[in-house]
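> Here my numbering runs 884 ahead of the position in the sequence shown, where the first position is 1.
Mind having a look at this structure? Questions to follow.
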Amino acid sequence: MKNKLLIIGASGHGKVVADIALKMNKWQSIAFLDDDKSIKSSLGLQVIGTSDDVFTHINEHEIFVGIGNNDTRQKILEILESLGASLPVLIHPNAVIGTQVDLGIGTAVMAGAIINSCTKIGKGCIVNTGSTIDHDNNIEDFVHISPGAHLAGTVKVGKGSWLGVGSVVSNNISITKGCKIGAGSVVLKDIYEPGVYVGTPAKKLGY
């Protein structure tokens, strides 16, 4: 393990990621890269360049993509992975991780999140503040589980999907890739088509 961490993105999601990294107390130094050159520091940590500078730091630093947008996070993480970058998993000390939970590279687990046993979380995922993922879930790559979202047992969420704040997914449900589940929505049936789903029970917008 390298003893330096570099976080791409110094605002919003990046700040929460940095807070987790500081609390993990694993790295001797933590710094940011951000394309907004007006940002010189964040959370007391220095911004040492833009995202284009990541290639000059790749040998000395572990790299974490602290960007909330699923598509942007995927694009950057896949480039870094192809270059052999060291991509850690960040887990807040107050998160609860069950037995036989598999977390992919570049995934962040926020404060108060609970991931129960025999669950697989893909790479580049966000398991946000106070969300719960119960047993035997399969969360594919680059999914964002928003704050306060709750997934019951044996749920599958497809690649790049986003579950809004306070959304609920009932047990034994499968959600296909590229879906957006609106805040507070309740998913009671399998979702086979990508799209935006809202309401209780959740229905696709446009129908």
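Glycine included, each C-beta is placed from N, C-alpha and C at the ideal position.
Just so you know, these numbers come straight off a predicted model, no measurement behind them.
Using only alpha-carbon positions, find the residue among 983, 942 and 989 that is nearest to residue 967.
Measuring from the Cα of residue 967, the nearest candidate turns out to be 942.
> Skipping 5 residues on each side, what residues in its chain have a beta carbon closer than 8 Å to that of residue 939?
Cβ neighbours of residue 939 beyond the five flanking positions: 967.
> If I measure Cβ to Cβ from residue 1052 and keep anything under 6 Å in the same chain, skipping five residues before and after, which residues do I get?
Excluding sequence neighbours, residue 1052 sits near 1034 and 1070.
> Tell me the rounded alpha-carbon separation between residue 1129 and residue 1042.
Here the chain has residues from 885 to 1091 only, and residue 1129 is not among them.
> Return the CA-CA distance between residue 973 and residue 905, expressed in angstroms with no decimal places.
Cα-Cα distance, rounded: 10 Å.
> Starting from the C-beta of residue 951, find all residues in its chain whose C-beta is less than 8 Å away, skip the five residues before and the five after it, and write them out in chain order.
These residues qualify, in order along the chain: 892, 893, 897, 898, 957 and 960.
> Residue 1032 to residue 990, Cα distance in whole Å?
Roughly 21 Å separates the two Cα atoms.
> Among all the DSSP beta bridges, which residues are the ones paired with residue 992?
Per DSSP, 974 and 1010.
> Hey, out of 1002, 1028, 1004 and 1018, whose CA is closest to residue 994's CA?
Of 1002, 1028, 1004 and 1018, the residue nearest in Cα terms is 1028.
> Could you give the first and the last residue of the continuous alpha helix (DSSP H) run that contains residue 1079?
No alpha helix (DSSP H) contains residue 1079, which is instead part of the beta strand (DSSP E) from 1079-1082.
> What are the boundary residues of the alpha helix (DSSP H) that includes residue 899?
It spans 897-908 - the alpha helix (DSSP H) in which residue 899 sits, taken as one unbroken run.
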